[in-house]
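Visitor: Going by my numbering, the sequence shown opens with residue 17, and the numbers climb by one from there.
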Amino acid sequence: MMKKLLLAGACAFGISTAAFAALPPHADSAWQMTTIFESEEVIGAIEGSFIVSMEYQGADEAGVLQWRLRTDSCVFVIGLKALPMSESEGGVPMVGRVDYEIAGIRRVDELCATLDALRN
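1. Give me the DSSP bridge partner(s) of A75.
2. For S55 and M49, what's the separation of their Cα atoms in angstroms?
3. Could you give the residue range of the alpha helix (DSSP H) that holds V124?
4. Per DSSP, T51 forms a beta bridge with which residues?
5. Since L96 and A119 are thought to touch, with beta carbons under 8 angstroms apart, how far apart are those beta carbons, to the nearest angstrom?
6. For I94 versus I59, is the C-beta distance shorter than 8 angstroms?
7. Please name the residue, chosen from C90, M70 and R113, that lies closest to E126 on a Cα-to-Cα basis.
8. Can you tell me whether DSSP reads R86 as helix, strand or coil?
9. Residue range of the beta strand (DSSP E) that V111 falls in?
10. Which same chain residues end up closer than 7 angstroms to F66 when comparing Cβ atoms and leaving out the 5 residues on each side of it in sequence?
11. According to DSSP, what are the bridge partners of S45?
12. Could you give the residue range of the beta strand (DSSP E) that holds G60?
13. According to the neighbour-count rule (16 or more other Cβ atoms, all chains shown, within 10 Å of its Cβ), is L85 buried or exposed?
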């Protein structure tokens, strides 16, 4: 009986602490891409174009994450800014999934012109 109680306690502890763990890098990247794909700003900027590729470019000096999004008609650089984590009752920042917001969309005109020239 004691073994079952210890096992149940260990499982409950493991489940509760896993909920507060940070996401692994691949899951965080997937969440960043989801933020971009679901953004009305991005949808408007690409004007319904087919997405050909997406590539993480790194963070700029301000810490804004840069993603390059290539469509069938143009190339865009999309900035993502991490939103602050909420704080627990003790004022300690929580851990877990980071949420992002679009920090800017820049059309890379010289690459868009190159794509146009290749198509024609």
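We treat Cβ as the ideally placed atom computed from N, Cα and C, and that holds for glycine.
Just so you know, these numbers come straight off a predicted model, no measurement behind them.
Guide: Taking the structure as given:
1. L81
2. 10 angstroms
3. Segment: none, V124 is in no alpha helix (DSSP H) and carries neither H nor E.
4. Its beta-bridge partners do not exist; DSSP assigns none.
5. 6 angstroms
6. no
7. C90
8. strand
9. Note, V111: premise wrong, no beta strand (DSSP E); not H, not E.
10. T87 and D88
11. None; S45 has no bridge partner.
12. Looking at the DSSP string, G60 is not in any beta strand (DSSP E); the run it does join, the alpha helix (DSSP H), is E56 to I62.
13. buried
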